[in-house]
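Novice: When we follow this note's numbering, the leftmost residue of the sequence shown carries the number 72, and every step to the right adds one.
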Amino acid sequence: MTLRGLLISILIGLLGYWAYSVVRVHTSPEVVAYKSFANALQRGNSLSARQHVAVGESQPMEALQHFSARQSQLFNNDASPTLTYHRILRRTRSQDNRRASLRIEQVTRFNTSENQRFYGSKSVSVIHTVEMVKEAGGWKVYRFYDPFM
Numbered sequence: 072m073t074l075r076g077l078l079i080s081i082l083i084g085l086l087g088y089w090a091y092s093v094v095r096v097h098t099s100p101e102v103v104a105y106k107s108f109a110n111a112l113q114r115g116n117s118l119s120a121r122q123h124v125a126v127g128e129s130q131p132m133e134a135l136q137h138f139s140a141r142q143s144q145l146f147n148n149d150a151s152p153t154l155t156y157h158r159i160l161r162r163t164r165s166q167d168n169r170r171a172s173l174r175i176e177q178v179t180r181f182n183t184s185e186n187q188r189f190y191g192s193k194s195v196s197v198i199h200t201v202e203m204v205k206e207a208g209g210w211k212v213y214r215f216y217d218p219f220m
């Protein structure tokens, strides 16, 4: 094997490891549960959001009360969201594996009436801090904090 072939093999290996680590974090059960809750929140769907909240907890649902203010501050009245993705800034689990803490940046790309692009012409990001708890039915949102609450 030549030096060039060795370097290409190392590069491919590093890229594969990086891709695996990103996919592993984004598909962990607590992150998937958070994303489901955040997507329901962004759509204003209280029934779907409630399914991802811990039993007996009302604090995460307060985010829906601020939904119209959130939408008007993030997106002007003439804006339409086109794409939303999440950056996992921090993810920790308790030693007993029953609680998790997440800090996630939710980035939404959107178009305005005067500027239309496939991926959105502008973007806005919001940092969410989320406490998750593992229940019989899977991971649920226990506490949810964002700048609009």
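All residues carry an ideal CB built from backbone N, CA and C; glycine is no exception.
Please read all numbers here as calculations on a predicted model, not as lab measurements.
Going along the chain, which unbroken runs of the alpha helix (DSSP H) with 4 or more residues stay wholly within the region 72-102?
Specialist: Segments of the alpha helix (DSSP H) lying fully in the region 72-102: 74-97.
Novice: Given a cut-off of 7 Å, decide if residue 105 and residue 173 are closer than it, judged by their beta-carbon atoms.
Specialist: The answer is yes: Cβ separation under 7 Å.
Novice: Could you tell me if residue 179 is buried or exposed, where buried requires 16 or more neighbouring beta carbons within 10 angstroms of its beta carbon?
Specialist: Counting Cβ neighbours within 10 Å, residue 179 comes out buried, since at least 16 surround it.
Novice: Apart from the five residues just before and just after residue 169, which ones in its own chain have a Cβ nearer than 6 Å to its Cβ?
Specialist: Closer than 6 Å at the Cβ level, and outside the excluded window around residue 169, lie 205.
Novice: Determine the direct distance from the alpha carbon of residue 187 to that of residue 132, and round the result to whole angstroms.
Specialist: Rounded to whole angstroms, residue 132 to residue 187 spans 33 Å at the Cα level.
Novice: Within its chain, find whatever has a CB closer than 8 Å to the CB of residue 209; leave out the 5 residues flanking it on each side and keep chain order.
Specialist: Within the same chain, residue 209 has close Cβ partners 100, 104.
Novice: Using the Cβ count rule (16 or more neighbours within 10 Å means buried), how would you classify residue 108?
Specialist: Residue 108 should be labelled buried.
Novice: Straight-line CA distance for residue 112 to residue 196?
Specialist: Distance between the alpha carbons of residue 112 and residue 196 is about 15 Å.
Novice: Tell me, to the nearest whole angstrom, how far the beta carbon of residue 176 is from that of residue 160; I am working on the premise that it is less than 8 Å.
Specialist: Right, their Cβ atoms sit about 6 Å apart.
Novice: Quick one, which of 91, 207, 163, 88 has its alpha-carbon nearest residue 200's?
Specialist: The option with the nearest alpha carbon to residue 200 is 163.
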